[in-house]
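Q: To start, I am sharing the structure in question, which I have written as structure tokens.
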Amino acid sequence: MPVPVPPTAADEPLGLTVHSLPSPQVLEQDEARRTVRGRLKMLLVMVICAAPVVASYFTYYVLRPEGRRNYGELIDPQRPLPLMAAQDLKGKVLNLQALRGQWLLITVAGGKCNAACQNNLYWARQLRESLGKEKDRVDRVWLVQDADPIDPVLQGALRGATVLRVPAAELGTWLAAPAGHALADPIYLVDPLGNWMMRFPAPMDLRGAAKAKIDLERLLRASAAWDEPGRSSPIDRPTTAKLGAAP
10 MPVPVPPTAA DEPLGLTVHS LPSPQVLEQD EARRTVRGRL KMLLVMVICA
60 APVVASYFTY YVLRPEGRRN YGELIDPQRP LPLMAAQDLK GKVLNLQALR
110 GQWLLITVAG GKCNAACQNN LYWARQLRES LGKEKDRVDR VWLVQDADPI
160 DPVLQGALRG ATVLRVPAAE LGTWLAAPAG HALADPIYLV DPLGNWMMRF
210 PAPMDLRGAA KAKIDLERLL RASAAWDEPG RSSPIDRPTT AKLGAAP
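Per the numbering used here: the sequence shown = residues 10 to 256.
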């Protein structure tokens with residue numbers, strides 16, 4: 010008599026499980042949740058990127074030790090670069106806001122550049138050179154207030170600097186000298202965002218330059234995460250143009 014063989018798995022009937030599809034409302038809710046999560050992640054990235062800028066200004070202006078004093082006078086409120094037409098030494102017209110992107114040591118004077126002007130040009134150059142590897146984050150700028158020709162003797166002193174002719178009346182609505190001084194007396198400092206934020210006492214000398222250097226080094230350390238050497242906007246230099254009267 011044959012022995013019955015137990016049924017194998019292959020011989021058993023197949024079991025089918027039917028799963029219901031999610032409703033359109035559920036799909037929309039899932040998509041909305043993913044959108045919210047994506048936006049939160051983007052916001053977090055933006056906060057992380059902006060944090061160094063906020064922290065640097067907060068550290069420098071708010072958490073300064075009581076015993077520390079600036080040599081330069083802080084400008085409060087800061088004054089942004091104006092929408093002012095300027096002219097380089099080749100006669101090209103540009104907006105003064107094209108200077109943004111670097112720290113600026115600004116000297117103001119007429120084209121004849123008297124002894125005080127030459128002193129400021131000299132110390133602005135010395136200050137920049139004293140910064141060593143950080144000097145490429147700082148640009149020397151001479152804003153010429155008139156159409157007088159520039160003495161070719163200044164060619165060497167202006168090498169690597171930015172020289173622009175600007176309307177004197179308009180310039181006076183942005184920069185300001187301390188009481189008892191002319192606009193051309195101090196050296197002005199503008200941050201990479203284009204804000205005039207400090208001016209150094211006049212006249213500049215060796216002792217003052219040493220103190221101004223300390224201010225600059227502190228500011229460069231505080232802004233290390235949010236400015237870069239070089240400039241995104243091309244500015245003509247005196248080495249590529251003949252010094253002379255405005256066209």
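Think of the CB as a built atom: it goes at the ideal place given N, C-alpha and C, for glycine as much as any other residue.
Any idea what DSSP makes of Leu72, helix, strand or coil?
A: A caution first: Leu72 carries a pLDDT of 49, below 50, which makes its placement in the model unreliable, though a value can still be read off. Coil, per DSSP.
Q: By Cβ distance, which residues of its chain are closer than 6 Å to Ala193, with the 5 residues on each side in sequence left out?
A: Excluding residues within five positions, the ones whose Cβ falls inside 6 Å are Val117 and Ala118.
Q: Could you spell out where the alpha helix (DSSP H) holding Trp132 opens and where it closes?
A: Here the alpha helix (DSSP H) through Trp132 covers Ala124 to Glu138.
Q: Provide the residue span of the alpha helix (DSSP H) that contains Ala219, from first to last.
A: Leu215 to Ala231 is the extent of the alpha helix (DSSP H) around Ala219.
Q: Is the beta carbon of Leu108 sitting closer than 8 Å to the one on Leu90?
A: Contact flag set, yes.
Q: Run the CB neighbour count on Gly181, radius 10 Å, all protein chains shown included, and call it buried at 16 or more, exposed below.
A: Exposed: under 16 other Cβ atoms inside 10 Å.
Q: On the premise that Gln106 lies in contact with Arg174, defined as a C-beta separation below 8 Å, what is that separation, rounded to the nearest angstrom?
A: 16 Å between Cβ atoms; not a contact.
Q: With respect to the beta strand (DSSP E) encompassing Leu198, which residues constitute its N-terminal and C-terminal limits?
A: From DSSP, the beta strand (DSSP E) with Leu198 extends over Ile196 to Val199.
Q: Looking at the unbroken beta strand (DSSP E) that takes in Glu82, where does it start and where does it end?
A: Segment Glu82 to Pro89, the beta strand (DSSP E) holding Glu82.
Q: Are the beta-carbon atoms of Asn204 and Gln111 separated by less than 8 Å?
A: Cβ distance not < 8 Å, so Asn204 and Gln111 don't count as in contact.
Q: Could you tell me how far apart the beta carbons of Asn128 and Met213 are, in whole angstroms, since I believe they sit closer than 8 Å?
A: Rounded, the Cβ-Cβ distance is 6 Å, consistent with contact.
Q: Taking only the alpha-carbon atoms, compute the straight-line gap between Arg43 and Val54 and give it to the nearest angstrom.
A: If you take the alpha carbons of Arg43 and Val54, they lie about 17 Å apart.
Q: Note down the Cα distance separating Ala231 from Pro210, rounded to an integer number of angstroms.
A: Their backbone Cα atoms lie some 22 Å apart in a straight line.
Q: My output table needs one value for Leu103: the three-state DSSP class, helix, strand or coil.
A: Strand, per DSSP.
Q: For Tyr80 versus Gly165, is the C-beta spacing smaller than 8 Å?
A: Their beta carbons are not under 8 Å apart, which means Tyr80 does not touch Gly165 by this criterion.
Q: Can you give me the Cβ contacts of Ala186 inside the same chain, cut-off strictly under 7 Å, excluding the 5 residues immediately before and after it?
A: Taken in chain order, the residues that qualify are Leu192, Asp194 and Pro195.
Q: Alpha carbon to alpha carbon, how far is Val45 from Gln38?
A: Each residue's alpha carbon lies about 11 Å from the other.
Q: Would Ile223 be called buried (16 or more neighbouring beta carbons within 10 Å of its own) or exposed?
A: Ile223 should be labelled exposed.
Q: Could you tell me the alpha carbon to alpha carbon distance between Tyr197 and Gly100, rounded to whole angstroms?
A: Each residue's Cα considered, the two are about 24 Å apart.
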